[in-house]
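Residue numbers (my numbering): 0 to 174. Ideal Cβ positions, reconstructed from N, Cα and C, are used throughout, including at glycine. What you are looking at is a predicted structure, and each value in this text was computed from that prediction instead of being measured.
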């Protein structure tokens with residue numbers, strides 16, 4: 000277990016992941032809300048909201064598991080020793096790349112394989128550079144740590160909403 004960060008180090012990183020994942024998911028939901036209000040009953044819209052929250056929760060768990068897997072595989076000094084700052088920066092940049100891929104998916108699929116691989120390589124290089132920057136620049140590190148501690152409230156807020164959403168999804172699918 001010494002290859003994994005402590006729970007106190009994982010919690011701020013998870014709060015950053017929760018903030019970005021849920022905020023983006025809810026933003027997309029709110030973008031579609033006006034058209035749904037014209038065609039779909041309120042109960043169905045609340046059902047959509049519940050599904051979005053449950054999927055965002057699963058998304059956060061997957062991303063955290065991937066980050067912990069990377070932490071386990073890499074040497075201890077590379078990622079685990081400063082997991083809060085490095086993990087929070089990586090999480091923020093990872094969601095940037097996820098958003099880019101979602102917005103430009105059609106374009107990315109038309110790229111030749113070599114250009115697509117260059118795009119993926121650029122994403123991985125930017126993640127590595129971000130970790131180096133957060134370790135070498137105290138001002139950036141301080142901001143990232145502040146962001147990680149400030150987003151901890153979202154674990155509680157979205158955690159409660161997710162618990163209610165899981166109940167709603169279970170009721171909708173079982174009855």
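Go ahead and label residue i buried or exposed: buried means 16 or more other beta carbons lie within 10 angstroms of its beta carbon, across all protein chains shown.
i, result
"residue 154", "buried"
"residue 174", "exposed"
"residue 135", "exposed"
"residue 106", "exposed"
"residue 30", "exposed"
Using a Cβ-Cβ cut-off of 6 Å (strictly less than) and excluding sequence neighbours within five positions of residue i, which residues of its own chain qualify?
i, result
"residue 164", "49, 52 and 53"
"residue 56", "161"
Can you name the start and end residues of the alpha helix (DSSP H) that residue i belongs to?
i, result
"residue 30", "6–38"
"residue 106", "104–109"
"residue 66", "41–72"
Any beta carbon from chain B within less than 8 Å of residue i's own beta carbon?
i, result
"residue 151", "Of the protein chains in the structure, only one exists, and it is not chain B."
Measure the beta-carbon distance from residue i to residue j and round it to whole angstroms, keeping in mind my assumption that it falls under 8 Å.
i, j, result
"residue 19", "residue 122", "The pair is not a contact, with the Cβ atoms about 16 Å apart (cut-off 8 Å)."
"residue 82", "residue 12", "6 Å"
"residue 87", "residue 15", "5 Å"
"residue 125", "residue 92", "6 Å"
Below 8 Å CB to CB, which residues in the same chain sit around residue i once its five sequence neighbours on both sides are set aside?
i, result
"residue 116", "none"
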